[in-house]
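Numbering (my numbering), first residue to last: 9 to 423.
For every residue, glycine included, the Cβ atom is placed at its ideal position computed from N, Cα and C.
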């Protein structure tokens, strides 16, 4: 930040009256946010109740800038560090800080060597280390600083620190005092007492996407953006592939490499393979794969249930008899074997059926002939029996006839 020497008269509201061609124009600027606010110094000098306490730095009076005028704070001698802290009683938008140092009412000022090398911080806490360094007084020429300084510091803060040091292991310029002091007659902090506005009259609203609706009091540029936005006025969404605070976070593995929601990082159209959850940043659990990790690894993997999280490729290949990247297809050899077995079985069944049918048909065809043969046989048996009976009768008759013939012959012979 820069500082400029100046001379002015402080008021609760700093206004400048310009007379131009007999026309009076009132130009009202920022409010002195430090006026009569709580102030603390770590190196009080003597009895502060006698008129040189820390409150003198914010009482609005500095016409008498001597040690005895009762308008300046004094600090103890012989100190390596000295800190004066003003609390603004709220976090405000600051434009600049004016400092009026002790002069002893002399010209040139008598005590600016004690001012040389000071630091000015603005913080939201009671620690200056947590805050922003607005200014460090370092002269480029061998001369002491001006007793009156305006320091531009466009920040937001609750505490303002004036700090100086004279450390034993540091070599300082010859015009520096040997010890550290904070002998201020006035410290004024100018800015807007309202939140979310900027401009000389504090009447312009900060851009809508500014973090906490806070912006630079002079330019209106945001001091920080809401999640998902970027640019000086936070009017631009995060570029593709990024989201969140300051657009610093990368999107997860959204489907087809699409970008995510610029504020919360969610993938609006789902995840790519191998990841899950709303922002597609969590890899699939063991045993699962694919989009949103909804598919189970194949039980036919050589390592059961273990596969690639993206496409389900089995680790270590497939178990015997299975093939394919997910081991869900029967291998060719196994297929042929199974097909052969199935075909053989079917063929055997068909053969058995055909044999059975043939036997039945053959039986049916042979059955009438057997019946006829049995009938013919029976007839032949009866005929044979009848013939035998007839032969018997014939032989009997023949025998009788023979016997008669023989008797007749015998009779003839005897005659």
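Three-state secondary structure (DSSP) of residue 63: Your numbering for residue 63 matches position 55 in the chain shown. Correct three-state label for residue 63: helix.
Neighbourhood of residue 78 by C-beta, 6 angstroms cutoff - its chain only, sequence neighbours within 5 removed: Taking the chain shown and counting its residues from 1, one reaches residue 78 at position 70. So the qualifying residues of the chain are 59.
Cβ shell of residue 301 (< 7 angstroms), same chain only, five flanking positions each side left out: Within the chain shown, the letter at position 293 stands for residue 301. The answer, listed in chain order, is 284, 292 and 293.
Bridge partner(s) assigned by DSSP for residue 128: Taking the chain shown and counting its residues from 1, the one referred to as residue 128 is at position 120. Paired residues: 143 and 170.
Sub-7 angstroms separation of residue 62 and residue 48 beta-carbons: In the chain shown, residue 62 corresponds to position 54, counting from 1. In the chain shown, residue 48 corresponds to position 40, counting from 1. Yes; because the gap between Cβ atoms is below 7 angstroms, this pair is in contact.
Residue 470 versus 204, 209, 166 and 225, residue with shortest Cα-Cα distance: Not covered by the structure: residue 470. The range shown for the chain is 9 to 423.
Exposure label - residue 40; buried when at least 16 CB within 10 Å: Residue numbering aside, residue 40 sits at position 32 when the chain shown is read from its first letter. Looking at its Cβ environment, which holds 16 or more other Cβ atoms inside 10 Å, residue 40 is buried.
Nearest to residue 131 (by Cα), restricted to the options 190, 103 and 166: Along the chain shown, one-based indexing puts residue 131 at 123. Looking at the Cα atoms, 166 is the closest of the given residues.
Touch test, the segment 222 to 231 against the segment 97 to 111, Cβ-Cβ under 8 angstroms, three pairs minimum: yes
Cutoff 8 angstroms; reference residue 112; Cβ partners in own chain excluding five residues on either side: For this step, residue 112 is matched to residue 104 along the chain shown. Taken in chain order, the residues that qualify are 73, 74, 75, 118 and 119.
Unbroken stretches of the beta strand (DSSP E), 3 residues or longer, contained in the segment 67 to 109: 89 to 109
For residue 220, three-class secondary structure by DSSP: On the chain shown, position 212 is the one that residue 220 refers to. In the structure shown, residue 220 sits in a helix (DSSP, three-state: H, G or I).
Three-state secondary structure assigned by DSSP to residue 193: For this step, residue 193 is matched to residue 185 along the chain shown. In this structure, residue 193 counts as strand in the three-state DSSP scheme.
N-terminal and C-terminal residue of the alpha helix (DSSP H) that residue 122 is part of: On the chain shown, position 114 is the one that residue 122 refers to. That run of the alpha helix (DSSP H) goes 120 to 123.
Presumed contact (8 angstroms Cβ cut-off) between residue 37 and residue 190, rounded CB distance: Residue numbering aside, residue 37 sits at position 29 when the chain shown is read from its first letter. Residue numbering aside, residue 190 sits at position 182 when the chain shown is read from its first letter. No, residue 37 and residue 190 are not in contact; Cβ-Cβ is about 26 angstroms, not under 8 angstroms.
Buried or exposed by the 16-neighbour rule on C-beta atoms within 10 Å, applied to residue 188: By one-based count along the chain shown, residue 188 stands at place 180. Per the 10 Å Cβ criterion, buried.
Top-ranked residue by Cα proximity to residue 164, from 201, 175 and 144: Sequence index remark: in the chain shown, residue 164 carries index 156 (1-based). Out of 201, 175 and 144, 201 has the C-alpha closest to the C-alpha of residue 164.
Minimum C-alpha distance to residue 138 - residue among 105, 145 and 128: As a first step, residue 138 is located in the chain shown; it is residue number 130 there, counting from the start. Residue 128 is the option with its Cα nearest to residue 138.
Cβ pair residue 193, residue 108 closer than 7 angstroms: In the chain shown, counting from the first residue as 1, residue 193 sits at position 185. In the chain shown, counting from the first residue as 1, residue 108 sits at position 100. Taking 7 angstroms as the Cβ cut-off, residue 193 and residue 108 qualify as a contacting pair.
Residues that DSSP places opposite residue 258 in a beta bridge: On the chain shown, residue 258 is found 250 positions in, with the first residue counted as 1. According to DSSP, which records beta bridges pairwise, residue 258 is partnered with 250.
Range covered by the beta strand (DSSP E) that runs through residue 4: No statement about residue 4 is possible, as the shown extent of the chain runs from 9 to 423 and does not include it.
Same chain only: Cβ atoms within 6 angstroms of residue 222, ignoring 5 sequence neighbours per side: Counting from 1 along the chain shown, the entry for residue 222 is found at position 214. Closer than 6 angstroms at Cβ, skipping near neighbours: 164 and 231.
Cβ pair count under 8 angstroms reaching 3, the segment 80 to 89 against the segment 141 to 156: no
Three-state class that DSSP yields for residue 133 in the structure shown: Working through the chain shown from its first residue, we reach residue 133 at position 125. Three-state DSSP puts residue 133 in coil, outside helix and strand.
Residue 178, enclosing beta strand (DSSP E) - first and last residue: Here the question's residue 178 lines up with position 170 in the chain shown. Looking at the DSSP string, residue 178 is not in any beta strand (DSSP E), and its letter there is neither H nor E.
Endpoints, beta strand (DSSP E) assigned at residue 443: Any answer about residue 443 is impossible in this case: the structure gives the chain only from 9 up to 423.
Simplified DSSP assignment, three categories, for residue 327: Counted from its first residue, the chain shown places residue 327 at position 319. In the structure shown, residue 327 sits in coil (DSSP, three-state: anything other than H, G, I, E or B).
Rounded straight-line distance, which links the Cα of residue 238 to that of residue 256: As a working note, residue 256 is residue 248 in the chain shown. As a working note, residue 238 is residue 230 in the chain shown. Distance between the alpha carbons of residue 256 and residue 238: 10 angstroms.
Same chain only: Cβ atoms within 7 angstroms of residue 242, ignoring 5 sequence neighbours per side: Indexing the chain shown from 1 puts residue 242 at position 234. Result list for residue 242: 215, 217, 218, 230, 233 and 234, in chain order.
Environment of residue 180 [buried if 16+ CB atoms lie within 10 Å]: As a first step, residue 180 must be located in the chain shown, where it is residue number 172. Exposed, since its Cβ has fewer than 16 Cβ neighbours within 10 Å.
Option in 207, 329 and 299 with minimal Cα separation from residue 310: Stepping through the chain shown from its first residue, residue 310 is reached at position 302. When each option's Cα is compared against that of residue 310, the closest is 329.
Distance CB(residue 224)-CB(residue 158) smaller than 7 angstroms: For this step, residue 224 is matched to residue 216 along the chain shown. For this step, residue 158 is matched to residue 150 along the chain shown. For residue 224 and residue 158, no; Cβs fall outside 7 angstroms.
Short Cβ contact (7 angstroms threshold) for residue 8 with residue 338: One cannot answer for residue 8 here, as it falls past the ends of the chain, which runs 9 to 423.
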